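**Student:**
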Amino acid sequence: MRPLTIYKKLYKHFGPQHWWPVSSGKGDKGFEICVGVILTQNTNWQNVEMALKNLIKERLLTPCALAKCPMQKLQRLIKPSGYFRQKAKKLKIFTKYICDNYNGDTKKLLQGNLDNKREELLSIWGLGPESVDSMLLYAGAKPTFMIDAYTVRLCRELGIKFKDYEDYREYFQKKLPKSAKLYNEFHALIVAWGKVHSKNRKAAISLVKK
14 MRPLTIYKKL YKHFGPQHWW PVSSGKGDKG FEICVGVILT QNTNWQNVEM
64 ALKNLIKERL LTPCALAKCP MQKLQRLIKP SGYFRQKAKK LKIFTKYICD
114 NYNGDTKKLL QGNLDNKREE LLSIWGLGPE SVDSMLLYAG AKPTFMIDAY
164 TVRLCRELGI KFKDYEDYRE YFQKKLPKSA KLYNEFHALI VAWGKVHSKN
214 RKAAISLVKK
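First residue of the sequence shown: 14, per our numbering; consecutive thereafter.
#1: Please determine, among Ala-193, Val-35, Val-221, the residue with the shortest C-alpha to C-alpha distance to Ala-205.
#2: As an exercise, report each continuous alpha helix (DSSP H) stretch of at least 4 residues that is fully enclosed by the region 84-167, in chain order.
#3: Check whether the Cβ of Lys-121 sits closer than 7 Å to any heavy atom of the ligand COA, and report yes or no.
#4: Should Glu-133 and Ile-160 be called a contact, given that it needs their Cβ atoms to be closer than 8 Å?
#5: For Glu-179, which of helix, strand or coil comes out of DSSP?
#6: Rounded to whole angstroms, what's the CA-CA distance from Leu-11 to Phe-44? Just pull it up for me.
#7: Going by the CB atoms, is the gap between Ser-94 and Ala-64 shorter than 8 Å?
#8: With a 10 Å radius around its C-beta and 16 neighbouring C-beta atoms as the bar for buried, classify Gly-117 as buried or exposed.
#9: At which residues does the alpha helix (DSSP H) containing Ser-211 begin and terminate?
#10: Are the region 48-65 and the region 89-104 touching by the rule of at least three beta carbon pairs closer than 8 Å?
#11: What residue range does the alpha helix (DSSP H) around Gln-31 cover?
#12: When the Cβ atoms of the region 163-183 are set against those of the region 108-126, are three or more pairs found closer than 8 Å?
#13: Does the Cβ of Met-14 have 16 or more other Cβ atoms within 10 Å, making it buried, or fewer, making it exposed?
#14: Excluding sequence positions up to five away, which residues of its chain have a Cβ less than 7 Å from the Cβ of Ala-10?
#15: How about Lys-105 and Ala-80: are their beta carbons less than 8 Å apart?
#16: Kindly indicate the opening and closing residues of the alpha helix (DSSP H) around Glu-71.
#17: Express the C-alpha separation of Asn-55 and Trp-33 in angstroms, rounding to a whole number.
#18: Looking at Lys-155 and Leu-127, is the spacing between their C-beta atoms short of 8 Å?
#19: If you draw a straight line from the C-alpha of Leu-23 to the C-alpha of Lys-66, how long is it?
#20: Buried or exposed for Thr-18, please, with buried defined as at least 16 other CB atoms from any protein chain shown within 10 angstroms of its CB.
#21: Short check: CB of Ile-218 to CB of Ala-152, under 8 Å?
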């Protein structure tokens, strides 16, 4: 089954997902997304939202403010997201990189050639392919398809199996039109499907195979 056919089935069932969620304030939405990407590693979004609210309350949701925040305070604020020591270190390194190289401007960090930007972000400690593609897609509006556990689960249910992240990513990018908007919506729909699958595998499979 072609990925675009799967997309249409999921869209018909779930409708638009309006992802990535951001706060209603006037802050740097791109940076908020990037922080959310790091915080969401190995946890659910509800926990991330609690951590983000703490950062917003302390007016720390800008690269250089977060870079200057004392480590212990940062750990305390993001504790709801879990793995808070490791994530605080990742945030410190990431924000310092933005401040040192882009004067704290997240937009400049994400501008430019997709392949070059992807390589650059992957060189930053703590950022793997899934996190980097999430940042580039959702914060940078660049057409890079991100692969997560739900995506791999969907593929395997459809008999599509590859060895690693890059093979899955290449499969989707070759089979789909090159569109950040499409990739954005498709991944969000896969997440919605994955949540159904976690509760009722049979129902989830019927959504894509019917």
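In this text, a Cβ means the ideal position worked out from N, Cα and C, and glycines have one as well.
This one's a predicted model, so the numbers in the text were calculated from it and none came from an experiment.
**Tutor:** In short, the structure shows the following:
#1: In the sequence shown, counting from the first residue as 1, residue 205 sits at position 192. Of the candidates Ala-193, Val-35, Val-221, the one whose C-alpha sits nearest the C-alpha of Ala-205 is Val-221.
#2: 84-90, 97-115, 119-123, 127-135, 142-147
#3: Only the bare structure without any ligand can be found here, which leaves the ligand COA out of the picture.
#4: Here the question's residue 133 lines up with position 120 in the sequence shown. Here the question's residue 160 lines up with position 147 in the sequence shown. No, the pair does not count as a contact, with Cβ atoms beyond the cut-off.
#5: Within the sequence shown, the letter at position 166 stands for residue 179. Three-state DSSP puts Glu-179 in a helix.
#6: Residue 11 lies beyond the residue range present for the chain, which begins at 14 and ends at 223; the question has no answer from this structure.
#7: For the purposes of this step, residue 64 is taken as residue 51 along the sequence shown, with counting starting at 1. For the purposes of this step, residue 94 is taken as residue 81 along the sequence shown, with counting starting at 1. A contact, by the Cβ cut-off of 8 Å.
#8: As a working mapping, residue 117 is identified with position 104 in the sequence shown. So Gly-117 counts as buried.
#9: As a position in the sequence shown, residue 211 is number 198, starting the count at 1. Segment 193-212, the alpha helix (DSSP H) holding Ser-211.
#10: yes
#11: Taking the sequence shown and counting its residues from 1, one reaches residue 31 at position 18. The sequence given here has His at residue 31, not Gln. No alpha helix (DSSP H) contains His-31, which DSSP labels as neither H nor E.
#12: no
#13: Translated into the one-based positions of the sequence shown, residue 14 becomes position 1. When all chains shown are included, Met-14 counts as exposed.
#14: What is shown of the chain runs 14 to 223, which leaves residue 10 out entirely.
#15: Translated into the one-based positions of the sequence shown, residue 105 becomes position 92. Translated into the one-based positions of the sequence shown, residue 80 becomes position 67. Contact: yes.
#16: One-based indexing of the sequence shown puts residue 71 at position 58. No alpha helix (DSSP H) contains Glu-71, which DSSP labels as neither H nor E.
#17: Position 20 of the sequence shown, counting from 1, holds the residue named residue 33. Position 42 of the sequence shown, counting from 1, holds the residue named residue 55. One C-alpha to the other measures close to 17 Å.
#18: Locating residue 127 in the sequence shown gives position 114, where the first residue counts as 1. Locating residue 155 in the sequence shown gives position 142, where the first residue counts as 1. Yes, the pair counts as a contact, with Cβ atoms nearer than the cut-off.
#19: Here residue 23 is taken as the residue at index 10 of the sequence shown, counted from 1. Here residue 66 is taken as the residue at index 53 of the sequence shown, counted from 1. When rounded, the distance between both Cα atoms is 31 Å.
#20: As a working mapping, residue 18 is identified with position 5 in the sequence shown. Result: exposed.
#21: For the purposes of this step, residue 218 is identified with residue 205 of the sequence shown, where counting begins at 1. For the purposes of this step, residue 152 is identified with residue 139 of the sequence shown, where counting begins at 1. Going by C-beta atoms, Ile-218 is not nearer than 8 Å to Ala-152.
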